[in-house]
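Trainee: Quick note: the sequence shown uses the UniProt record's numbering, first residue 1, plus one each step. Before we start, here is the structure in question, set down as structure tokens.
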Amino acid sequence: MKNRMGEKTLLGILLAIAQEVVVLTNCPLEEQLRISDFCHSQNIKLVVADTKGLFGQLFCDFGENMVVTDTNGEQPLSAMVSMITKGCPGEVTCLDEARHGFESGDFVSFLEVEGMKELNSCEPMEIKVLGPYTFSIGDTSNFSDYVRGGIVTQVKMPKKISFKSLRTSLPEPEWVITDFGKFDRPGQLHLGFQALHEFHKKHGHFPRPRNQADASEVLSLVKDLNEQAVMPLKQEHLNEDIIKEMAFQASGDLAPVNAFIGGLAAQEVMKACSGKFMPVIQWLYFDALECLPEENKDTLTEEDCSPKHCRYDGQIAVFGNELQVKLSQQKYFLVGAGAIGCELLKNFAMIGLGCGQGGDVAVTDMDTIEKSNLNRQFLFRPWDVTKMKSDTAAAAVKEMNPSIHITSHQDRVGPDTERIYDDDFFENLDGVANALDNVDARMYMDRRCVYYRKPLLESGTLGTKGNIQVVIPFLTESYSSSQDPPEKSIPICTLKNFPNAIEHTLQWARDEFEGLFKQPAENVNQYITDAKFMERTQKLPGTQPLEVLEAVFKSLVTDRPKSWADCVAWACNHWHTQYSNNIRQLLHNFPPNQKTNSGTLFWSGPKRCPHPLTFDVKNVSIACFIIIGAKRWQRSAGVVAECRPTGFWECRAAKVVGLKQLELLR
């Protein structure tokens with residue numbers, strides 16, 4: 001574009017269209033410097049991404065006044081307070097049920113502190129961590145005495161970051177370490193990428209694959225750059241093997257490495273636009289040299305890696321033609337065609353997996369495409385909604401690489417499909433890749449791979465987090481060999497009487513909903529439709545058979561509503577029970593100022609004193625609770641609608657005093 005328009009025109013277009021961010025890929029260093037100078041002067045954020053075979057480079061310049069509002073994207077930490085001392089500084093002690101998780105320099109605010117109420121209205125205070133359960137705050141010597149209670153919550157404060165331009169940062173780089181086992185690698189790669197640009201500027205092309213003369217020239221350029229460099233960039237010992245490997249791979253182009261570096265660059269764009277998450281400051285270097293064979297590394301020759309005038313030349317330049325032939329003959333089984341499955345299929349097609357004689361990729365997924373999938377499962381388009389994921393994904397990658405041999409299935413993996421995925425199927429495979437969303441299916445596929453001695457690629461994501469595990473028979477542990485610790489359960493007494501954390505209220509609400517509307521309806525449906533319901537129920541342990549049958553009897557006879565008014569009455573009664581009567585009874589048993597035998601207040605520590613609500617139909621939340629609860633009760637009981645209200649405003653306007661006046665809600 002620059003050759004046709006000229007430099008001024010190009011920079012003018014950038015100024016006109018680049019309101020936020022400019023991204024450069026595979027761009028000569030001179031062009032990077034020119035555009036970087038312009039963007040930095042105009043406060044336009046810049047991301048530079050480049051790959052050379054198994055090597056990757058990322059640079060970010062977000063201006064001199066970048067403000068990050070949330071450095072990690074996590075929910076703010078919170079903890080319950082057990083003690084606050086008066087002093088300068090004051091010391092805060094949290095309950096010893098769990099570590100507070102704060103770091104020195106964090107800011108916190110306080111709520112529900114009794115006694116030392118000055119803290120409840122304070123601006124966020126900077127803390128210094130003293131231990132896993134204690135930290136210090138500002139001067140509290142003039143505050144009131146602490147009595148009990150309190151919740152301390154992390155406050156995420158804006159953080160200002162100043163970035164240097166590419167020209168300024170190049171001789172004085174600051175980088176993010178991606179692998180602490182390669183602590184000195186970024187400095188070597190920083191010089192290596194500059195040398196490759198210099199080689200390209202001189203010869204008009206990058207070093208030829210496995211060409212010793214070109215590699216020696218690149219090494220000489222790196223040595224010259226290192227002589228001119230100043231600390232900390234100046235390298236005490238140059239790793240000549242790494243530099244030569246960079247030269248050997250400079251013409252390489254690998255889809256998986258491009259996907260990784262491209263994904264990082266895309267994330268940096270989101271950070272630049274949103275101010276959320278800490279950006280890369282300012283350089284990031286990556287290499288995956290572990291992909292090369294540890295033994296016989298020098299057996300690759302210039303002839304093996306020379307271009308074959310095919311779409312895989314970039315890959316052949318790194319690994320040689322023999323490996324490319326083996327990749328094309330692989331038979332792989334991909335389980336799942338969701339977000340990870342789409343990415344894997346795309347990479348399979350790009351690297352030529354299963355694209356040769358005898359090669360094949362089988363993909364199975366029993367789900368259909370939903371509209372909500374489109375933002376992350378990129379092989380699907382709006383017109384694909386309601387279609388099968390496996391069929392659509394297979395067709396999409398077939399367009400990307402018509403040579404791929406791919407078959408799609410819609411079968412769930414499990415014992416019930418072992419007639420499909422039988423001995424012959426697994427024994428013919430070269431490997432399996434999981435792209436599943438549940439642990440049970442992962443463990444089943446792991447058992448199958450262990451039994452048939454097949455390599456397994458295991459991966460998963462959760463929001464912005466992800467994991468990958470490569471399982472190789474007789475070399476690594478299997479997926480099921482290690483398990484995550486079980487989630488900490490919440491005691492029933494805590495849920496019912498002493499909730500003190502958000503997760504307690506969420507779990508209580510879920511249990512309440514399932515106990516009212518899900519489990520009873522399922523039991524009734526099974527009682528009506530399943531001839532063996534009684535037989536199975538009687539085999540349940542303990543008192544469960546009696547409890548299930550009593551619940552069915554109540555749902556069908558004693559508690560079954562006959563009209564809309566009955567449903568409203570039930571919802572109103574339930575509200576009074578949960579949000580007023582039960583709490584009043586609890587406070588009757590344990591008054592707010594009651595003390596234990598040791599003299600401490602009963603309602604202290606993790607026990608937060610509850611407050612009963614007063615029924616007020618003018619309260620929108622209460623009105624919504626009654627109307628929605630009545631509708632759910634009506635639907636689960638199968639009551640035919642008589643005169644259902646059009647909204648909660650009738651409920652808000654009604655003057656409800658007792659149950660006899662609930663007809664006003666109709």
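Using N, Cα and C, we set each Cβ at its ideal position, and we do this for glycine too.
Where do the ends of the beta strand (DSSP E) carrying residue 59 lie?
Mentor: First-last of the beta strand (DSSP E) with residue 59: 55-61.
Trainee: Mind the definition here: the stretch 21-36 touches the stretch 119-134 only if three or more C-beta pairs lie below 8 Å; say whether that holds.
Mentor: no
Trainee: Do residue 151 and residue 78 have their C-beta atoms within less than 8 Å of each other?
Mentor: Yes, these two residues count as a Cβ contact at 8 Å.
Trainee: Going by Cα to Cα distance, which pick from 25, 310 and 592 is closest to residue 114?
Mentor: 592
Trainee: To the nearest angstrom, how far is the alpha carbon of residue 391 from that of residue 408?
Mentor: So the two alpha carbons sit approximately 6 Å from each other.
Trainee: Just the Cα atoms here: how many angstroms apart are residue 135 and residue 332?
Mentor: Roughly 54 Å separates the two Cα atoms.
Trainee: Which residue marks the beginning of the beta strand (DSSP E) containing residue 380, and which one marks its end?
Mentor: Note, residue 380: premise wrong, no beta strand (DSSP E); not H, not E.
Trainee: Starting from the N-terminal side, write out each stretch of the alpha helix (DSSP H) that is 4 residues or longer and does not extend beyond the stretch 377-453.
Mentor: 389-400, 423-427 and 439-452
Trainee: Could you tell me whether the stretch 96-112 touches the stretch 55-75, where touching means 3 or more Cβ pairs closer than 8 Å?
Mentor: no
Trainee: Assuming contact is defined by CB atoms lying nearer than 8 Å, are residue 257 and residue 54 in contact in what I supplied?
Mentor: Yes, these two residues count as a Cβ contact at 8 Å.
Trainee: Could you check which residue in 411, 629 and 251 has the C-alpha nearest to that of residue 567?
Mentor: 629
Trainee: What first and last residue would you give for the beta strand (DSSP E) that runs through residue 66?
Mentor: Run containing residue 66: 66-68, per the beta strand (DSSP E) assignment.
Trainee: I'd like to confirm something about residue 107: is its beta-carbon nearer than 7 Å to some heavy atom of the ligand MN, or not?
Mentor: As far as ligands go, the structure on display features none, and thus does not contain the ligand MN.
Trainee: What span of residues does the alpha helix (DSSP H) with residue 456 cover, start to end?
Mentor: Where residue 456 is concerned, there is no enclosing alpha helix (DSSP H), although the beta strand (DSSP E) it sits in stretches over 456-462.
Trainee: Would you give the residue range spanned by the alpha helix (DSSP H) that residue 347 belongs to?
Mentor: Residue 347 -> alpha helix (DSSP H) spans 339-351.
Trainee: Assuming residue 443 contacts residue 432 under a Cβ cut-off of 8 Å, what Cβ separation, rounded to an integer in Å, is found between them?
Mentor: No, residue 443 and residue 432 are not in contact; Cβ-Cβ is about 13 Å, not under 8 Å.
Trainee: Can you tell me where the beta strand (DSSP E) holding residue 80 begins and where it ends?
Mentor: 78-84
Trainee: Confirm, please, whether the CB-CB distance from residue 219 to residue 244 is below 8 Å.
Mentor: Yes, Cβ-Cβ distance for residue 244 and residue 219 is below 8 Å.
Trainee: Between residue 287 and residue 265, what straight-line distance do the alpha-carbon atoms span, to the nearest angstrom?
Mentor: 16 Å
Trainee: Please give me, in chain order, every unbroken run of the alpha helix (DSSP H) with length at least 4 that falls completely inside the stretch 149-179.
Mentor: Along the stretch 149-179, the alpha helix (DSSP H) occurs as fully enclosed runs of 4 or more residues at 166-169, listed in sequence order.
Trainee: Determine, using beta carbons only, whether residue 279 and residue 156 come nearer to each other than 8 Å.
Mentor: no
Trainee: In chain order, which alpha helix (DSSP H) runs of at least 4 residues are fully inside the stretch 518-565?
Mentor: 519-529, 533-538 and 544-553
Trainee: Counting C-beta neighbours from all protein chains within 10 Å, is the total for residue 80 16 or more, i.e. buried, or is it exposed?
Mentor: buried
Trainee: Comparing alpha-carbon positions, which option in 358, 308 and 631 lies nearest residue 570?
Mentor: For residue 570, the nearest C-alpha among the options comes from 631.
Trainee: Looking at residue 47 and residue 322, is the spacing between their C-beta atoms short of 8 Å?
Mentor: no
Trainee: Determine the direct distance from the alpha carbon of residue 104 to that of residue 128, and round the result to whole angstroms.
Mentor: 4 Å
Trainee: On a CA-only basis, which of 389, 317, 290 and 312 is nearest residue 303? Give me that one, please.
Mentor: 317
Trainee: Please state if the CB of residue 338 and the CB of residue 389 are separated by a distance shorter than 8 Å.
Mentor: yes
Trainee: So, at 6 Å on beta carbons, what are the nonlocal neighbours of residue 538 in its own chain, with the 5 sequence-adjacent residues on each side left out?
Mentor: If we look at residue 538 and ignore the five residues flanking it on each side, its Cβ neighbours are 545.
Trainee: Can the beta-carbon of residue 458 be found less than 8 Å from the beta-carbon of residue 468?
Mentor: yes
Trainee: My assumption, with CB atoms under 8 Å, is that residue 235 sits in contact with residue 188. Please give the rounded CB distance.
Mentor: 6 Å
Trainee: Please state whether DSSP places residue 299 in a helix, a strand or coil.
Mentor: helix
Trainee: Tell me the rounded alpha-carbon separation between residue 197 and residue 238.
Mentor: 18 Å
Trainee: Should residue 301 go down as buried or exposed, given a rule of 16 or more other Cβ atoms within 10 Å for buried?
Mentor: exposed
Trainee: Please list the segments of the beta strand (DSSP E) lying wholly inside the stretch 228-314, counting only runs of 3 or more residues, in order along the chain.
Mentor: 283-287
Trainee: Can you give me the start and stop residues for the beta strand (DSSP E) that residue 91 sits inside?
Mentor: Segment 91-94, the beta strand (DSSP E) holding residue 91.
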